Each structure stands twice: as C-alpha cells, then as structure tokens.
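In our numbering, the protein residues as written are 5 to 324.
Glycine included, every Cβ here is placed at the ideal spot set by N, Cα and C.
A quick note: this is a predicted structure, and the numbers were derived from the prediction, not measured.
In what follows, a single structure is set out as structure tokens and then discussed.
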Amino acid sequence: MGNSEVKQALSVAFAAGRFPHAVMLQGERGSGKSTLAEIVAQALVCRDKSAAPCGRCPSCIRARAGSHPDVQVVRGGGASGALTVEAVRLMLEDAYRMPEEADYNVYIVYLGEHSLPAAQNKLLKLIEEPPQGAVFLLLCPSAEAALPTIRSRVQIFTLRPPEREEAAQWLVAHYGMEPEQARELADLCGGNLGRMQEELKGGGLGQAFSIAKEMAEAMLGTGGHPLLKAAAPLQKDRSLFREALARLAVIFRDACVARAGGTTALSGAVQTVDKLCNLPMRRLLCLPDLVEEYRQKLERNANTGLLLTCFCAELLENGR
C-alpha cells in the first residue's frame, strides 16, 4: 500500500527492460521492504513478461513459495541481523552461475542495521562488476548504514507507511476490525502495516505506549520512585525499551508543539501532553534530544540497566 512513486519508478524500469542491477529499499521495520522485494523478484522470474508478476505461472508460484532456484534470500547473523562476510562469499560464488530457469539470478539481501564494513566491501566488489543477469535487492532500515561507495552504486528508494486512514481501512477489510478500533491501532503504529499485524499477534506497542505515558507523567513528580517503577519492565527487554523511547519521543514532540501554540498531535496521549505543557519551554525542548541521545546509546549496546537508570535521572532533572 502507498509508495506509488516507488512502484511507478520500478514498473517503468521493468517495462522498458532497464531494471537496475542493484536496488536499495530503505524504510522502518514493517514498512513493506520485504513484501516489495518479493514482488519484484517474482516479476523478474515470471514467464509472462506482459503481465509480470502474473501470479499463475509455475515460476511465480515457486517464487512466492520461496522455492524458485533463481531467487535467493541472503540474511545476516546475530541479534542485529548484520550481513556477514561468509554470507556475501556464498552469494558471490552463486552469482556467477547461469540462471537455471529465469533470465535473472535475483538476490534479496538483508543488510541489517549495522553490517560489518568487511562484508560491505566484499558486497561492493560484487555490485561494482555484477555478473550478467544478476539483480541485487538490498534491504535496510536506513541507507546511511551502508558505505558511501555502496550508496553511490545503487538506486535508493524509500518506503513509507500509508496514510493512517488508509491503513485503518486495510485493517477493516483484512481483519474485520471495527473502524474506530482500526483507527486507534493505525494511530498507535503510525500507519505501519507490518507493525499493526505484529500488534494483532500480541506485539508490545501497546505496552510500550502505556509505559511511555506513565514515565512522562512520573517525571513531573517530586520523587524518583514512581518513575523507576514505571520504567522497570524496560530493564530486561531492549526491544520494549526501544519502543518506549520511540513513544516518548512523539509524546515530547507533541508537548513542544502544544506549548508553542500548535494543535497537531501524533502521540494520542492528550492528557499526558497537557501535563507536560506545564514545564518551561526550554526544558521541553531538551526532551526530544535527550530521548534521541539514549536511543543511540541503546543501539550501541550500552548496559540496559545502567542506561535506564541514567535516563530516568535526567528525565527527573528536566521535570523539576
């Protein structure tokens, strides 16, 4: 859904027979990078070029099932999913073979958030002088995580979630949700379809939102105990910590906007934002930067317990 400009650009290139040998799809988790890459791969191996991907030919069926011999998925390792040298080496060996059935060898490559420079340099050699018929679809949260030399040799497309109302309508159509409930979930997830589906399967966005609101209100109190109590679930769950920081960032952003006289709200935490507006503007303006600082520290694998304690201390300092 959405991303009409990206889809149009890829469709035009495909129809003209000038599909790039290396494409990078960047976007937040759940924005549809994997889905789009799979559709593109299916189109590239489809036997009916006039209607690719037709979805009916044996090649489309096998590609959709993940069993087509000319479509390979290359993933990294570890918690971050970073691309490894070994994964690139195996891909390099495979890329120089002739396709078994299709006109292309298609590689869907997950770069992860922080792929090792050694792995990226090895990948660079492959996309600088690509084997004939090889197409590389590189997926990552942000192109900035890739080496500049790689970015200069690929066509980069950014995927964004659809409008929230459109996402809510999708929930109603595909999951039979009530419209109001669908809008609430679309607002919570920012229209991100992948994250909405995760939440329906028991994801932690709702919990992160509740913790973020409780922390934001607790920082306005006189003691540190309520804030530490609200933040306690984050100490042993880095993923939940990350989501709570994301929610706090939007809540603090809304408070800054409201304090300056604006009316645009994104967080859905109206009462919490109203309470934060009692803070001086100079303190409010510090809060989004504070969240970003600790988000970066969390991504650098800082000790979670120590990080959370320091974060709460600074929140209290700004809330007094």
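Name the DSSP beta bridge partners of I160, please? I160 is bridged by DSSP to M28.
Can you have a look at G36 and say buried or exposed, based on whether 16 or more other CB atoms are within 10 angstroms of its CB? By the neighbour-count criterion, in which 16 or more other beta carbons inside 10 Å mark a residue as buried, G36 falls on the buried side.
In chain order, what residues of the same chain have a beta carbon less than 8 angstroms from the beta carbon of E203, not counting five sequence neighbours either side? Here the set comprises L189, L192, C193, L209 and G210.
At the level of alpha carbons, what is the spacing between L197 and E105? Rounded to whole angstroms, L197 to E105 spans 33 angstroms at the Cα level.
Apart from the five residues just before and just after Y100, which ones in its own chain have a Cβ nearer than 6 angstroms to its Cβ? Cβ within range, chain order: P135.
Pairwise C-alpha distance: G137 and R287: Going by the C-alpha atoms only, they are around 56 angstroms apart.
Can you list, in chain order, the residues of its chain whose CB lies under 8 angstroms from that of M5, leaving out five sequence neighbours each side? If the five residues before and after M5 are omitted, its C-beta is found closer than 8 angstroms to the C-beta atoms of G36, P166, E170, A171, W174 and L197, all from its own chain and listed in chain order.
Given L302 as reference, the closest of L128, R257, R242 and G227 once Cα atoms are compared: Among L128, R257, R242 and G227, the Cα nearest to that of L302 is on R242.
Would you check if the stretch 241-256 and the stretch 287-298 touch, i.e. whether three or more CB-CB distances between them fall below 8 angstroms? Short answer: they touch.
Would you mind reading off the limits of the beta strand (DSSP E) that contains F245? In this chain, F245 is not harboured by any beta strand (DSSP E); it is covered by the alpha helix (DSSP H) spanning R242 to R263.
Could you spell out where the beta strand (DSSP E) holding L294 opens and where it closes? For L294, no beta strand (DSSP E) segment is defined; the enclosing uninterrupted segment is the alpha helix (DSSP H) at M285 to E303.
Buried or exposed: G195, going by 16 or more other Cβ atoms within 10 Å of its Cβ? G195 is buried by the Cβ-count criterion.
Please confirm if the stretch 154-162 is in contact with the stretch 64-80, defined as three or more CB-CB distances below 8 angstroms between the two stretches. Touching, no, given that fewer than three Cβ pairs across the two stretches are closer than 8 angstroms.
Pop quiz: L232 and C316 are said to be a contact at Cβ under 8 angstroms. What is the actual Cβ separation, rounded to whole angstroms? Contact holds; Cβ gap of about 6 angstroms.
Please work out which residues of its chain come closer than 7 angstroms, Cβ to Cβ, to G162, disregarding the five sequence neighbours upstream and downstream, and give them in chain order. The identity of residue 162 in the sequence shown is Thr, whereas the question assumes Gly. Close CB contacts of T162 within its chain, under the 7 angstroms cut and outside five residues either way in sequence, are with Q30 and G31 (chain order).
Would you call the CB atoms of V113 and L96 closer than 8 angstroms? No, these two residues do not count as a Cβ contact at 8 angstroms.
Considering just the uninterrupted stretch of the alpha helix (DSSP H) at N125, what are its terminal residues? Its alpha helix (DSSP H) spans residues P121 to E132.
Thinking C-alpha only, which one of S15, C260 and L141 is nearest Y108? Comparing Cα positions, the closest option is L141.
Considering only residues of the same chain and omitting the five flanking positions on each side of R51, which have a CB-CB separation below 6 angstroms? In chain order, C61 and S63 place their CB closer than 6 angstroms to the CB of R51, counting only its own chain and leaving out the 5 sequence neighbours on each side.
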